[in-house]
Amino acid sequence: MKILVALKQVPDTETKIKVAADGRSLDGGDVKWITSPYDEYALEEALRLKETAAAEVTAVSVGGDKAKDILRNALALGADQAVLVKSAETGDPLAVARTLAAFAEGKGFDLILLGNKGFGGDNASVGPMLAELLGVAQANVVTKLELAEGRFKAEREGDADSEVLEGSLPAVVTAQRGLNEPRYANLKGIMAAKKKTIEEVDAAPVAPAVTTVTLALPPSRPEGRKLEGDAAAQAAALLGLLRDEAKVL
Amino acid sequence: MILVFCETKDGKIRKPSLEALSEARKLADAAGKGLGALFVGATSAGAEEAAQYGADVIVKIEDPSLAAYSSDGYAQAIADAVKAKGATALLAAATSCGRDVAPRAAARLGAGYASDITGLAMEEGRLLVTRPVYAGKALATTRFETPVQVATTRPNVFSLAPCAKAGTVETLPAPGGGFLAVVKEILTKGAGHVDIAEADVIVAGGRGMKDGANFKLLEELAEALGGVVGASRAAVDAGWGLPHSMQIGQTGKVVSPTLYIACGISGAIQHVAGMSGSKVIVAINKDPEAPIFKLATYGIVGDLFEVVPELTKAARALAK
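First to last, the sequence lines map onto chains A and B. For what it's worth, my numbering labels the leading residue of the first sequence as 598, then goes sequentially. For what it's worth, my numbering labels the leading residue of the second sequence as 76, then goes sequentially.
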């Protein structure tokens with residue numbers, strides 16, 4: 598079985614976002630870059646399948662040179678090979694999906710795993726777009742995955758419920774927290790990964806379907822009001838304000 | 076034409092879909108376009124309600140093969156409808172279903188896509204949307220470069236605007252089955268379970284709750300206020316047995332309720348990312364220096380184990 602895991606490099610979740618001088622992109626200066634947390638579940642699932650079902654795991658990332666860090670980490674964790682598809686960050690999910698589809702097309706992957714969303718554009722859309730472009734099944738926001746001969750069964754998180762869906766392989770599956778518990782790289786893996794090469798290919802140019810015009814910080818909230826008195830007095834004051842001033846009750 | 080993919084539940088249109096319809100009506104009026112409401116399924120009971128929210132045309136794609144949801148089947152039906160109606164914009168609500176099917180339909184149409192939008196305009200026939208990025212830590216304004224444009228609207232952001240229109244019913248052919256992946260079963264997590272993304276009132280607890288059992292206090296307050304309970308990542312990770320589906324924050328759900336009551340939550344940037352879109356924020360925390368107070372509309376410096384029961388009592392009295 599051949600598995601492709603698509604990884605995205607994103608700012609650490611604790612990062613304060615700063616807008617670059619161009620007014621429409623992220624100032625990456627002080628940013629610590631990590632593998633998108635949901636992609637970690639995708640990679641872990643692939644590695645487990647490698648151990649239990651003799652799968653071959655390829656990690657891929659669409660991005661610039663610094664994305665090699667997360668690919669190196671994937672190799673340290675146990676991915677068989679890693680490929681960087683060199684492309685400028687566009688913030689356009691369709692462009693990323695087209696680039697990934699062009700890479701995956703014809704390579705015989707049975708399963709493509711990725712996080713249900715990356716932290717950046719937050720569109721949660723590369724998975725379903727990739728599935729459509731490749732003409733294969735999709736299962737999104739998955740918390741449980743079982744594979745059988747040419748088929749899969751997945752549990753996905755809905756708005757208030759969960760859904761069990763069944764479909765045919767090949768498929769694109771996007772991971773949600775709960776799917777597994779990602780492992781950490783050990784020293785042996787880290788040393789071994791240093792000896793492996795990360796293949797680099799250039800992405801074919803893709804016309805953007807959407808462009809970011811401006812990026813701005815959210816408006817700051819007006820100074821709030823602290824409520825005084827004992828617990829009962831604070832409670833009474835709060836409910837009064839919620840009803841009469843904020844008018845939300 | 077602007078087309079809105081509408082979801083129904085129990086023979087009624089879901090509220091996030093009505094919000095999308097309401098906003099689409101404004102957009103259609105401003106751009107001088109027609110508005111279509113699209114229904115896909117085995118039946119479209121409840122579809123007529125779309126006329127009350129401004130649909131000029133109600134487009135139905137009905138077939139037994141569409142009884143169970145399938146991403147590829149529904150995406151095909153939606154893309155077919157967009158083409159048949161010559162629609163230039165397709166909107167859906169950013170629900171579990173909308174976020175699953177809309178990007179797939181967009182890829183099928185070669186259309187630009189933007190998820191979870193909180194602002195919507197049209198400029199020279201193209202959508203211009205505002206949306207939170209980096210989990211709400213920044214706002215992006217995005218322009219579409221494609222002739223057809225697809226976007227999902229964040230629940231609880233756009234207000235309902237009833238506006239009666241003709242609502243002429245039209246039926247289109249269904250894709251015909253043989254779908255790649257189909258929902259076989261829905262696992263219900265218990266009656267009355269409400270999605271926190273749609274809730275108007277959220278009472279959330281953090282590490283200051285000290286134990287999962289203490290969330291009972293928050294449930295009582297939530298019940299008195301007609302809301303639901305959420306949690307910070309710290310509380311979910313603490314091993315108190317709280318499910319991830321309750322988690323609000325960058326690695327959890329992003330919520331936009333009318334009222335958000337943060338109990339024992341310090342206000343880490345990761346959590347704030349998920350709730351800063353709340354209209355009114357109340358913070359209850361013992362630590363007067365907790366960063367959550369910088370965000371709060373109303374702050375209570377105090378012991379939540381004293382304040383929350385008093386609030387519940389007062390809220391129950393108010394409800395009577």
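All residues carry an ideal CB built from backbone N, CA and C; glycine is no exception. As the structure is a prediction and not an experimental result, all values here were calculated from the model.
Within the same chain, 168, 170, 230 come within 6 Å of residue 91 of chain B by CB-CB distance, once the 5 residues on both sides are set aside.
If you check each beta-carbon in the region 745-779 of chain A against every beta-carbon of chain B, the ones closer than 9 Å belong to 749, 750, 751, 752, 753, 754, 755, 756, 757, 758, 759, 760, 761, 762, 763, 764, 765, 768, 773, 774, 775. Exclusion of the five residues before and after residue 644 of chain A leaves 654, 674, 675, 676, 780 as the residues of its chain whose Cβ lies within less than 8 Å of its Cβ. Sorting A:660, A:735, A:629 by C-alpha distance to the C-alpha of residue 801 of chain A places A:660 at the top. Out of B:374, B:103, B:270, B:242, the CA that lies nearest to the CA of residue 832 of chain A is found in B:374. Neighbours of residue 606 of chain A in chain B, taken as residues whose beta carbon is under 8 Å from its own, are absent, since the nearest beta carbon is some 13 Å off. Between the alpha carbons of residue 349 of chain B and residue 323 of chain B lies a distance of about 5 Å. Relative to the Cα of residue 386 of chain B, the nearest Cα in the group A:844, A:828, A:666 belongs to A:828. With its beta carbon less than 8 Å from one in chain B, residue 822 of chain A belongs to the interface. For residue 201 of chain B, the enclosing beta strand (DSSP E) covers residues 201-208. Taking a contact as a CB-CB distance under 8 Å, the pair residue 241 of chain B and residue 192 of chain B does not count as one, their CB atoms being some 27 Å apart. The Cβ atoms of residue 725 of chain A and residue 179 of chain B sit closer than 8 Å to each other. In terms of CA proximity to residue 355 of chain B, A:818 leads the group A:818, A:771, A:746. In the DSSP assignment, the residues bridged to residue 712 of chain A are A:772. For residue 356 of chain B, the enclosing beta strand (DSSP E) stretches over residues 355-360. Closer than 8 Å to the CB of residue 717 of chain A there is at least one CB belonging to chain B. Straight-line measurement puts the Cα of residue 286 of chain B at about 52 Å from the Cα of residue 804 of chain A. Residue 172 of chain B is not bridged by DSSP to any residue. When secondary structure is reduced to three states using DSSP, residue 227 of chain B falls in the strand class. Note on geometry: alpha-carbon atoms of residue 678 of chain A and residue 648 of chain A lie some 15 Å from one another. Interface annotation, residue 639 of chain A: not in contact with chain B, CB-CB separation never under 8 Å. Flagged as an interface residue toward chain A: residue 264 of chain B, by a C-beta distance shorter than 8 Å. Counting only the Cα atoms, residue 792 of chain A lies some 26 Å from residue 705 of chain A.
Beta bridge pairing from DSSP links residue 635 of chain A with no other residue.
Distance between residue 821 of chain A and residue 367 of chain B, taken at the CA atoms: about 11 Å. Contact note: residue 686 of chain A does not reach chain B at a C-beta cutoff of 7 Å; the least C-beta distance is about 12 Å.
Shortest Cα-Cα distance from residue 698 of chain A to any of A:637, A:768, A:796 involves A:768.
Annotation: the continuous alpha helix (DSSP H) that includes residue 384 of chain B extends over 379-394.
Boundaries for residue 373 of chain B: no alpha helix (DSSP H) harbours it, while the beta strand (DSSP E) harbouring it runs 373-376, taken from the DSSP string.
Residue contact with chain A for residue 341 of chain B: absent (no Cβ-Cβ distance below 8 Å to any residue of chain A).
Just measuring C-alpha positions, the residue of A:695, A:694, A:751, A:728 sitting nearest residue 642 of chain A is A:751. Here residue 248 of chain B is exposed. Its C-beta has fewer than 16 other C-beta atoms within 10 Å. Contact between residue 133 of chain B and residue 244 of chain B is confirmed by a C-beta separation of about 5 Å, below the 8 Å threshold. Not one beta carbon of chain B lies nearer than 8 Å to the beta carbon of residue 632 of chain A. The three-state secondary structure of residue 737 of chain A, taken from DSSP, is strand.
Proximity of residue 647 of chain A to chain B, defined by a Cβ-Cβ separation below 8 Å, is not satisfied.
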